[in-house]
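Enquirer: The sequence shown maps to residues 12 to 131 in the working numbering. This structure is in structure tokens; I'll ask about it shortly.
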Amino acid sequence: MLTLKRYRPLLEARAAELRESLARRHGIEIEPSAEEMERTMQAAERDLVSATLDEGHRKLREVEAALVRLDKGKFGECLRCGDQIPERRLDALPWAAFCIGCQEEADRLHRLVRRVPAAA
Numbered sequence: 012m013l014t015l016k017r018y019r020p021l022l023e024a025r026a027a028e029l030r031e032s033l034a035r036r037h038g039i040e041i042e043p044s045a046e047e048m049e050r051t052m053q054a055a056e057r058d059l060v061s062a063t064l065d066e067g068h069r070k071l072r073e074v075e076a077a078l079v080r081l082d083k084g085k086f087g088e089c090l091r092c093g094d095q096i097p098e099r100r101l102d103a104l105p106w107a108a109f110c111i112g113c114q115e116e117a118d119r120l121h122r123l124v125r126r127v128p129a130a131a
């Protein structure tokens, strides 16, 4: 039987950490520059900051969803197959929504979708 009580503080701490990190990053400003090379570097920096923010928001949604599953008594159940997610996986990744087999399948499908060119 999964001991759920120990996961709540881990998830809440991770959510707080992500919120704080995202709040700090939202304040980042990149000053304009007249130099072509500097503008190119600034554009790359903006892209990196944007990607980091996107990843942070995605991770925060995953952690918050895990807290909702915990509240609803569904924490530790794979969202795809309904099997119990192994405790070792939850210890490593408390916000895991899928068992390893289903996560591998989701990752495989995600890679396939990213390879398909967008319709014109």
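Glycine included, C-beta positions come from ideal geometry on N, C-alpha and C.
Inspect the beta-carbon positions of residue 128 and residue 22 and report whether they are closer than 7 Å.
Expert: Their beta carbons are not under 7 Å apart, which means residue 128 does not touch residue 22 by this criterion.
Enquirer: Residue 84: buried (16+ other C-beta within 10 angstroms of its C-beta) or exposed?
Expert: Under this definition residue 84 is an exposed residue.
Enquirer: If you count every other CB in all the chains shown that lies within 10 Å of the CB of residue 93, and 16 or more means buried, which is it?
Expert: Residue 93 should be labelled exposed.
Enquirer: What is the DSSP secondary structure of residue 46, reduced to helix, strand or coil?
Expert: Three-state DSSP puts residue 46 in coil, outside helix and strand.
Enquirer: Residue 71 and residue 29 - do their beta-carbons sit closer together than 7 Å?
Expert: In this structure, residue 71 lies closer than 7 Å to residue 29 by Cβ.
Enquirer: What does a CB cutoff of less than 6 Å around residue 78 pick up in its chain, not counting 5 residues either side in sequence?
Expert: For residue 78, where only same-chain residues beyond five positions count, the Cβ hits under 6 Å are 22.
Enquirer: Less than 7 Å between the beta carbons of residue 109 and residue 91, yes or no?
Expert: Yes, they are a contact pair.
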